[in-house]
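Position one of the sequence shown corresponds to residue 54 (the numbering used here), numbered consecutively onward. For reference, the structure discussed in these notes is given below.
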Amino acid sequence: MLKQLLAVSTLVAATLTANTASAFCLFNCDYTKTKYPIVLAPGVLGFDKLVGFVDYWYGIPSAMKDGGAKVYTTSASAFNSSEVRGEQLLAQVQNILAITGAQKVNLMGHSHGGFSIRYVAGAIPTRVASLTAIHSPVKGVQGANIITGIAPAGTVSASVVSSVANAVSNFVTFLAGNSYKEDFLASMNSLTPQNAAVFNAKYANGVPTTACGEGAYTANGIKNYSWGGTSSVTNILDPLDTFFGITGLVATSEANDGLVGKCSSHFGKVIRDNYPHNHGDAINQLFGVRGLFTPAPTDLYREQANRLKVAGL
Numbered sequence: 054m055l056k057q058l059l060a061v062s063t064l065v066a067a068t069l070t071a072n073t074a075s076a077f078c079l080f081n082c083d084y085t086k087t088k089y090p091i092v093l094a095p096g097v098l099g100f101d102k103l104v105g106f107v108d109y110w111y112g113i114p115s116a117m118k119d120g121g122a123k124v125y126t127t128s129a130s131a132f133n134s135s136e137v138r139g140e141q142l143l144a145q146v147q148n149i150l151a152i153t154g155a156q157k158v159n160l161m162g163h164s165h166g167g168f169s170i171r172y173v174a175g176a177i178p179t180r181v182a183s184l185t186a187i188h189s190p191v192k193g194v195q196g197a198n199i200i201t202g203i204a205p206a207g208t209v210s211a212s213v214v215s216s217v218a219n220a221v222s223n224f225v226t227f228l229a230g231n232s233y234k235e236d237f238l239a240s241m242n243s244l245t246p247q248n249a250a251v252f253n254a255k256y257a258n259g260v261p262t263t264a265c266g267e268g269a270y271t272a273n274g275i276k277n278y279s280w281g282g283t284s285s286v287t288n289i290l291d292p293l294d295t296f297f298g299i300t301g302l303v304a305t306s307e308a309n310d311g312l313v314g315k316c317s318s319h320f321g322k323v324i325r326d327n328y329p330h331n332h333g334d335a336i337n338q339l340f341g342v343r344g345l346f347t348p349a350p351t352d353l354y355r356e357q358a359n360r361l362k363v364a365g366l
């Protein structure tokens with residue numbers, strides 16, 4: 054009898070371990086259960102996981118999965134043009150579609166990843182259900198002009214800047230276990246307001262036609278959303294805040310998150326453009342440190358997944 058009880062106990066324990074998320078989900082167990090998988094596209098640095106355990110999207114995929122969503126992270130060149138990174142994402146999305154058998158995907162892109170998801174939507178519009186641009190410089194970053202101005206193409210300064218930046222990029226790519234080609238100056242050129250405008254002319258769906266308005270909520274059957282922030286420094290204990298505090302002074306003249314201006318982040322339906330978050334907080338970095346009493350970034354992603362679910366996506 055004792056052996057039978059032990060056997061049953063062991064079986065129950067194994068079952069609970071294998072189904073922890075569902076077994077202990079008591080409320081809102083399908084809150085984020087979208088019809089189509091959610092695919093996350095990173096911004097600059099481009100990794101999904103460094104050295105096997107440092108996540109780009111800190112705690113975000115698991116937060117959405119806890120409510121029933123199927124979430125996939127992707128990787129890209131740490132720095133490269135919008136088109137190159139877009140092609141990298143396209144290949145991964147096609148693999149995800151093939152593996153899952155899903156008819157469509159919901160794409161979410163942070164920073165430069167916002168360009169990548171729009172590129173994919175332009176390439177395979179019938180396989181994309183929605184686009185969500187998160188703290189993405191849709192209309193470019195004025196500060197990128199400073200870098201391209203300091204290092205014009207074909208000059209010695211460009212060669213020096215490119216060599217140093219690409220070395221760092223290659224190291225990040227190595228730590229992420231990837232082998233993508235790196236091109237720092239191509240990335241900076243893509244993010245200038247002038248070249249962002251060229252990209253927007255080609256991938257116009259969802260892009261506002263006014264300086265600080267909203268874009269089309271739906272285009273080509275694809276729902277468009279965005280959100281952004283306007284606080285470059287949110288917690289002095291976060292090492293990233295020093296960086297964003299400085300870059301926020303030169304990136305743009307408007308209220309910004311340390312890199313992306315408030316109006317530049319607008320795309321499709323603007324959920325909110327002034328969250329008290331900086332560019333790192335948008336992906337719950339560094340390691341979840343954020344401003345006191347500010348919204349948890351993970352909650353924003355859960356809310357967006359629920360929004361997609363309610364929309365039948």
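Note that CB positions come from ideal geometry on N, CA and C, so glycine has one too. From a predicted model like this one, the values you see are computed outputs, not experimental measurements.
Proximity of residue i and residue j at Cβ, strictly below 8 Å
i	j	result
residue 127	residue 94	yes
residue 275	residue 184	yes
residue 85	residue 120	yes
residue 191	residue 317	yes
residue 242	residue 201	yes
residue 339	residue 293	yes
residue 295	residue 312	no
residue 332	residue 188	yes
residue 133	residue 235	yes
residue 129	residue 91	no
residue 212	residue 237	no
residue 233	residue 145	no
residue 229	residue 118	no
residue 344	residue 287	yes
residue 246	residue 162	no
residue 271	residue 131	no
As assigned by DSSP and simplified to three states, the class of residue i
i	result
residue 174	helix
residue 343	coil
residue 97	coil
residue 91	strand
residue 112	coil
residue 313	coil
residue 103	strand
residue 272	strand
residue 366	coil
residue 338	coil
residue 150	helix
residue 231	coil
residue 260	coil
residue 255	helix
residue 213	helix
residue 142	helix
residue 86	coil
residue 136	helix
residue 226	helix
residue 129	coil
residue 248	helix
residue 74	At residue 74 the pLDDT is 41, less than 50, meaning the model places this residue with poor confidence; the figure from the coordinates comes in the next sentence. In the structure shown, residue 74 sits in a helix (DSSP, three-state: H, G or I).
Boundaries (first-last residue) of the beta strand (DSSP E) holding residue i
i	result
residue 277	275-282
residue 182	181-187
residue 8	No information on residue 8 is available, as it lies outside the stretch 54 to 366 that the chain covers here.
residue 201	Here residue 201 belongs to no beta strand (DSSP E); instead the alpha helix (DSSP H) covers 195-203.
residue 124	124-126
Contact belief for residue i with residue j at Cβ below 8 Å, rounded distance in angstroms
i	j	result
residue 182	residue 89	5 Å
residue 168	residue 135	4 Å
residue 342	residue 302	Not really, about 21 Å apart at Cβ, beyond 8 Å.
residue 138	residue 157	Incorrect: roughly 21 Å between the Cβ atoms, too far for contact.
Range covered by the alpha helix (DSSP H) that runs through residue i
i	result
residue 323	Where residue 323 is concerned, there is no enclosing alpha helix (DSSP H), although the beta strand (DSSP E) it sits in stretches over 322-328.
residue 268	No alpha helix (DSSP H) holds residue 268; DSSP gives it neither H nor E.
residue 363	350-363
residue 207	Taken as a continuous stretch (DSSP letters only), residue 207 belongs to no alpha helix (DSSP H), as it is neither H nor E.
residue 298	292-303
residue 239	237-244
C-beta neighbour in chain C for residue i, strict 8 Å
i	result
residue 133	In the structure shown, chain C does not exist; there is a single protein chain.
If we count Cβ pairs, one from each stretch, closer than 8 Å, do we get three or more for the segment 260-267 versus the segment 318-334? yes
Measuring CB atoms only, is the segment 241-261 touching the segment 166-183, in the sense that at least three cross pairs come out at less than 8 Å? yes
Closer than 8 Å is the cut-off here; do at least three beta carbon pairs connect the segment 290-309 with the segment 349-366? no
For the 8 Å Cβ check, are there 3 or more pairs between the segment 212-227 and the segment 279-289? no
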